[in-house]
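I have placed the structure first, in the form of structure tokens, so that the comments after it can refer back to it.
In full-length UniProt numbering, the protein residues as written are 1 to 949.
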């Protein structure tokens, strides 16, 4: 391998270190280890036929050439995406800061206080602006949030409606088309019917259980829904409202006129359009619905010494605990983008947000007046920032389009010939003059340029907001860049990320997100593009998307790919919808059962239920493999109705099952499909692949295998790759002229993430990707060799080796000493490490995955730490340490406790805070002691204003 390639920077182990590690493992070569780990019958016969690897410099030139092919016209298309201004202090200190984008989902509360506070700010801003008491800390996009709202309202139907079979949702025709398409995809398998029409003319029949409205609507008109909502509630119907969150600075918020759910996107709060995403959706509802709400909720709690702190609340609703009974299948959200939106609200504050909204409305008002004077008629009676013009008979939309394009302007063109525009934060006086000129030229009339826009409000008093918002001090004290920069820094110092140490999370693959892969995201050509621009303006994006799609096909061995799913769990759902559509096309639509091994990710059964299937659990044997006899029996028993098997490979038990090909044969013999969960694809790349093994569809976690960052819980991207027979059923979009199986608002989902994965594949190349897979397996087996004689490894493959991850046995420790896996996880924080995956997929264990991008020095330090903790456990076992007062059960030890004048433990401060020399050299000081996990659930406080009595 050439020395100047990314692989040498990305992969943490060199050949000399590799030899030492192999000796410890007990094999003669890396190839021998791979041969003993991965079954021979699924090994690829030749290397992947990927393009030759680029150097970082070459990729930088290549991505610049692609970016140059994108044409950044001034765009007023709107429809859920608007140009915005990301404050430089947020772009540089959050979006481009690895402390924020390499951190993990805040399940380990004590080392996540910074991002938890940032997400609490987001929730508070959403609650304030929507007028609702409860919000989650983001969903995927507005369209999927709408689908989640429908599912939630379906679950909340009154008993009499459930008995009567009420299954209709009324959707006002003023909804965005992409939102309707995604709701339709999600509603069909759940047996929900969507009925569209005009809300003012709608008769609420007994079969209707809910209504969905857009505010302002898709045309831009601001409707007064108050009377309709009263009518809906009288008919026992719940009401969900898709609201433009920036408009709510001026408009009466839906929470004040009776909405049960308010959802939408916060993209307007400082997040670039990114050709469709990522940006954080929001979801707010009534307090009484908190246990039915999808997604994560941040709440207040206290640590063991009574210090107020944050934690993720009500986690028992989530898929990783409730599986098929979860409120949704959501795994990743858009935490990084929610953090940015929250900081945007903090930076601008209530006055700044209102000023931005007022300026948008004033510009729209001025444009309406000016363009109407040219002979056009603006159709919206009242509006926030979107205008819709009816054209005179002598002027066509095509004339307008031709003139607009000549001035590098994109307008919205309605099917009936009307022309629209959505004003945004970036619209200035020069842009206003250009817009007026377009309509003046088309009309053959003169116009006068303006030098100022008068402050004007045409919103009727009855629709104007009167209530205050963003009154908490956090939104009113960080308005200078100096203070904002310091506030962001104060928060990031409270979090462990990959900038501090290895995050050894099994199944979550916290590998390096290389700077060369991340840099393109800050290019304006990729940041500031609307997803619905004409194709010739997005040539660079389209070429990147095409190239990446072809590369993913090669890597997975499949014939087709869709990049639309915007999370791994969304990918699971999409794959199942594709299977359903295919089976319906061949007259097998009655197949409604999914076989899922007991070891599967929690999202698997949750996704299956969301897709309208019934789950059947298949047992695992004592070695962690799928129990073949149980699989055969369950497959045969359900043969007529079996739609698919969902299986993760290598399994979540960390092993390559030797019978995987036979498993595929068994399922296919039943007439069913094999869905391979791609969460562990990073142990396959270059060595085997789902297509070669015999699967029909898989999803890929770009935020795992392909190096895009976790961002504190998102963004994620979950493309699906499918065999030839499933290609016709991949997700469509209105932009493609086909909305079947549409699962995200944008045609290519979170396209802004794709340059990262594209860069990873292009710079690693075949050899680099293959070596990365081998080193991931090497690193895992190296750790397993050290931990085997102490903690023990729960499962090993047929030849005694683990895959790319392992499950550490902690149950015996608990039996003998009372020390739990949770105590070990918390003690790791004192050593500066984030805990491995806790009690999944086997309760009472820790699942560890070191990844290929960690150095031998870091692996050895982690081994030293884990073995030191083992010694601390033995001290408890042998009576050398008190069972009730020891460094494990009291962990973590926060800074304020260690430096306190009082020290009430029977061990020293040094043992608590500086157990090894490496900790002394690189101490991560923890902000809070162990957090009370039930207090915040008993009394949910989801905003900055919350406090315990």
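Beta carbons are placed, not taken as given, at the ideal position from N, Cα and C, and that holds for glycine. The structure displayed is predicted, hence computed values, not measured ones.
Cβ-based neighbour list, residue i, same chain, cut-off 6 angstroms, excluding 5 preceding and 5 following
{"i": "residue 857", "result": "none"}
{"i": "residue 702", "result": "708, 717 and 757"}
{"i": "residue 267", "result": "279"}
{"i": "residue 4", "result": "55"}
{"i": "residue 177", "result": "734"}
{"i": "residue 932", "result": "301 and 302"}
Exposure of residue i, with buried meaning 16 or more beta-carbon neighbours within 10 Å
{"i": "residue 229", "result": "buried"}
{"i": "residue 10", "result": "buried"}
{"i": "residue 873", "result": "buried"}
{"i": "residue 378", "result": "buried"}
{"i": "residue 103", "result": "buried"}
{"i": "residue 915", "result": "buried"}
{"i": "residue 821", "result": "buried"}
{"i": "residue 669", "result": "exposed"}
{"i": "residue 460", "result": "exposed"}
{"i": "residue 854", "result": "buried"}
{"i": "residue 590", "result": "exposed"}
{"i": "residue 59", "result": "buried"}
{"i": "residue 622", "result": "exposed"}
{"i": "residue 823", "result": "buried"}
CB contact flag (residue i, residue j, <9 angstroms)
{"i": "residue 172", "j": "residue 212", "result": "yes"}
{"i": "residue 470", "j": "residue 385", "result": "no"}
{"i": "residue 525", "j": "residue 540", "result": "yes"}
{"i": "residue 253", "j": "residue 225", "result": "no"}
{"i": "residue 864", "j": "residue 505", "result": "no"}
{"i": "residue 6", "j": "residue 685", "result": "no"}
{"i": "residue 793", "j": "residue 816", "result": "no"}
{"i": "residue 175", "j": "residue 217", "result": "yes"}
{"i": "residue 779", "j": "residue 851", "result": "yes"}
{"i": "residue 896", "j": "residue 862", "result": "no"}
Nearest to residue i (by Cα), restricted to the options the options
{"i": "residue 715", "options": "333, 732, 96 and 184", "result": "333"}
{"i": "residue 782", "options": "456, 27 and 761", "result": "27"}
{"i": "residue 676", "options": "520, 191 and 700", "result": "700"}
{"i": "residue 424", "options": "437, 374 and 364", "result": "364"}
{"i": "residue 633", "options": "773, 484, 604 and 595", "result": "595"}
{"i": "residue 390", "options": "417, 381 and 398", "result": "417"}
{"i": "residue 842", "options": "598, 933, 902 and 687", "result": "598"}
{"i": "residue 120", "options": "916, 904, 533 and 335", "result": "335"}
{"i": "residue 554", "options": "569, 688 and 182", "result": "688"}
{"i": "residue 286", "options": "276, 360, 134 and 704", "result": "134"}
{"i": "residue 681", "options": "665, 780 and 507", "result": "507"}
{"i": "residue 78", "options": "746, 476 and 374", "result": "746"}
{"i": "residue 355", "options": "456, 572 and 933", "result": "456"}
{"i": "residue 249", "options": "860, 357 and 12", "result": "357"}
{"i": "residue 560", "options": "810, 721, 902 and 395", "result": "721"}
{"i": "residue 674", "options": "67, 770 and 593", "result": "593"}
{"i": "residue 898", "options": "909, 22 and 904", "result": "909"}
{"i": "residue 742", "options": "650, 131, 564 and 502", "result": "564"}
{"i": "residue 919", "options": "510, 902, 868 and 946", "result": "868"}
{"i": "residue 514", "options": "571, 21, 827 and 706", "result": "706"}
Same chain, Cβ closer than 8 angstroms to residue i, neighbours up to 5 away in sequence not counted
{"i": "residue 263", "result": "139, 142, 145, 146, 148, 149, 240, 241, 242, 243, 281, 282, 283 and 284"}
{"i": "residue 829", "result": "108, 110, 111, 496, 835, 891, 892, 924 and 926"}
{"i": "residue 944", "result": "120, 121, 124, 472 and 474"}
Contacts around residue i, its chain only, beta-carbon distance under 7 angstroms, and the 5 residues preceding and following it disregarded
{"i": "residue 192", "result": "150, 154, 167 and 169"}
{"i": "residue 661", "result": "41, 42, 693 and 694"}
{"i": "residue 485", "result": "89 and 93"}
{"i": "residue 442", "result": "395, 399, 400 and 403"}
Near the ligand MN: residue i beta-carbon under 8 angstroms from a heavy atom
{"i": "residue 147", "result": "By its list of ligands, the structure shown contains no ligand whatsoever, and the ligand MN lies outside what it can speak to."}
Checklist entry - Would the segment 289-309 and the segment 566-578 be scored as touching if the rule is three or more Cβ pairs under 8 angstroms? => result no
Checklist entry - Between the segment 538-546 and the segment 688-697, are three or more C-beta pairs nearer than 8 angstroms? => result no
Next on the checklist: Using a Cβ distance threshold of 8 angstroms, determine whether the segment 493-506 contacts the segment 114-121, with at least three qualifying pairs required.
Outcome noted: A contact exists between the segment 493-506 and the segment 114-121.
Next on the checklist: Contact between the segment 644-659 and the segment 802-811 is defined here as three or more beta-carbon pairs at a separation below 8 angstroms; is this criterion met?
Outcome noted: yes
Checklist entry - Can at least three beta-carbon pairs, one atom from the segment 785-792 and one from the segment 40-47, be found at a separation below 8 angstroms? => result no
Next on the checklist: Quick test of the definition: if touching needs 3 or more C-beta pairs under 8 angstroms, does the segment 81-100 touch the segment 268-275?
Outcome noted: Under the three-pair Cβ rule at 8 angstroms, the segment 81-100 counts as touching the segment 268-275.
Next on the checklist: Count Cβ pairs between the segment 520-537 and the segment 69-79 that sit closer than 8 angstroms; are there 3 or more?
Outcome noted: Because the criterion of three Cβ pairs below 8 angstroms is met, the segment 520-537 and the segment 69-79 touch.
Checklist entry - Are the segment 53-60 and the segment 760-775 touching by the rule of at least three beta carbon pairs closer than 8 angstroms? => result yes
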